[in-house]
Amino acid sequence: MLEPVLLMALLAPGILAQDGPTAEEVVAQAKAPLGFNITTGAWLIRLRGDSALGRSGNLSLDDQLAMNDREAVFRGEFRVGRDDWGVEIMGMDFETSSSGTFGSAGTWGDASFAAGDAFRSSFDFMSIGVEGQWNPLDLIGEANTHIPMFLTVGPHLGINYSDIRQRLSFDTTASDEQGEFTSIYGGGQLILRMDTMDRLPWLRKIEFRAGGGFGAALGHDGGTMFHARADMRFYFMKNIAVLFGYRLLELNVEKGDWKPAPSLQGLFVGASIEF
């Protein structure tokens, strides 16, 4: 019985010493100045997903309704805070349209169509979100003495407002459905940063940022919402970066007989400035 007690007594100081940051670290972190980050760029969206009206089967937005063109849409993101916490605002306004002929017979609401019938379709999706981020877990290390690494991980909570509209016309039928939904979601994010320490004179640092979340969509008959993002940022100047990444935003909602499930996904190319 004596040996375990002695072992615990020897290990206890080391265990306690690793519990959280020191008082000096907490004070230094609290005094760190706020940072502002503005990210803008082109989101190269391809519309995916499907939609149904009434007792009709699901019609794929990209295949059966031919809305499969890549659309370049402006997307803006603004973040204020520090590495350990922040508030981010993001938004975009997407619209696409197409025309073609149905590949097979089916129904849309109370109307029927036959294979070969001509149609026109369009889909609009406007989204604005606000997200609160907290990164309590800081993993700081050095891969070697020349290239310091920084990693922070944590959860986020957000709210997203979406206004979507779908129009479909064929034969004597003209359908126009629109709905507004507010989603409350939770998820997580990480920031991985590597400073080149001037070993590459033309590149100051590299960052990898990623996050994703899932939540409930409120409004009308409700539904679900999912989002994901990831990008690599290359800082050729101290506060200015060029980024290449990916963004995804999905809704699966209902409004009466209308059941849209759009998915906006695609590459995101832009620039970021910090001050």
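Note that the numbering used here has the sequence shown beginning at 572, numbered continuously upward.
Quick reminder that beta carbons are idealized off the backbone N, C-alpha and C, glycines included.
Only a predicted model underlies this, so the values are computations on that prediction, with no experimental measurement involved.
(request) Would you mind giving the Cβ-Cβ distance between Asp792 and Leu624, rounded to the nearest angstrom? I have them listed as a contact below 8 Å. (result) Position 221 of the sequence shown holds residue 792. Position 53 of the sequence shown holds residue 624. Incorrect: roughly 13 Å between the Cβ atoms, too far for contact.
(request) Taking 8 Å as the cut-off, decide whether the C-beta atoms of Arg764 and Gln749 are in contact. (result) On the sequence shown, position 193 is the one that residue 764 refers to. On the sequence shown, position 178 is the one that residue 749 refers to. Against a cut-off of 8 Å, the Cβ pair of Gln749 and Arg764 comes out as no contact.
(message) Quick check on the DSSP output: the beta strand (DSSP E) that includes Arg764 runs from which residue to which?
(response) Locating residue 764 in the sequence shown gives position 193, counting from the first residue. Unbroken beta strand (DSSP E) run through Arg764: Thr744 to Asp766.
(message) How far does the beta strand (DSSP E) with Phe721 in it extend, from its first residue to its last?
(response) Within the sequence shown, residue 721 is the residue found at index 150, counting from 1. Here the beta strand (DSSP E) through Phe721 covers Pro719 to Phe741.
(message) Going by C-alpha to C-alpha distance, which of Gly657, Pro719 and Gly725 sits closest to Gly759?
(response) Residue numbering aside, residue 759 sits at position 188 when the sequence shown is read from its first letter. Considering only alpha carbons, the answer is Gly725.
(request) Go to Trp656, then tell me how far its beta strand (DSSP E) extends in each direction, as first and last residue. (result) Looking up residue 656 in the sequence shown gives position 85. Per DSSP, Trp656 belongs to the beta strand (DSSP E) from Trp656 to Thr672.
(message) DSSP has Arg818 in a bridge; who is on the other side?
(response) Counted from its first residue, the sequence shown places residue 818 at position 247. Answer is Arg800 and Gly837, bridged to Arg818.
(request) Measure the alpha-carbon distance for Trp863 versus Glu821 and round it to whole angstroms. (result) Examination of residue 863 is not possible in this model, given that the chain is present from 572 through 846 alone.
(message) As a quick exercise: from Asp709, Ser668 and Arg619, pick the residue whose alpha carbon is nearest that of Leu761.
(response) For the purposes of this step, residue 761 is taken as the residue at position 190 of the sequence shown. For the residues Asp709, Ser668 and Arg619, the minimum Cα distance to Leu761 belongs to Asp709.
(message) I'd like to know whether the C-beta atoms of Arg653 and Arg818 end up nearer to each other than 8 Å.
(response) Along the sequence shown, one-based indexing puts residue 653 at 82. Along the sequence shown, one-based indexing puts residue 818 at 247. For Arg653 and Arg818, no; Cβs fall outside 8 Å.
(message) Could you tell me the alpha carbon to alpha carbon distance between Ser754 and Pro772, rounded to whole angstroms?
(response) The residue given as residue 754 occupies position 183 in the sequence shown. The residue given as residue 772 occupies position 201 in the sequence shown. Cα-Cα distance, rounded: 44 Å.
(message) Given this structure, state the Cα-to-Cα distance separating Glu845 from Gly606, to the nearest angstrom.
(response) Taking the first residue of the sequence shown as 1, we reach residue 845 at position 274. Taking the first residue of the sequence shown as 1, we reach residue 606 at position 35. Distance between the alpha carbons of Glu845 and Gly606 is about 7 Å.
(request) May I ask which residues mark the beginning and end of the beta strand (DSSP E) holding Gly786? (result) As a first step, residue 786 must be located in the sequence shown, where it is residue number 215. Segment Lys776 to Leu789, the beta strand (DSSP E) holding Gly786.
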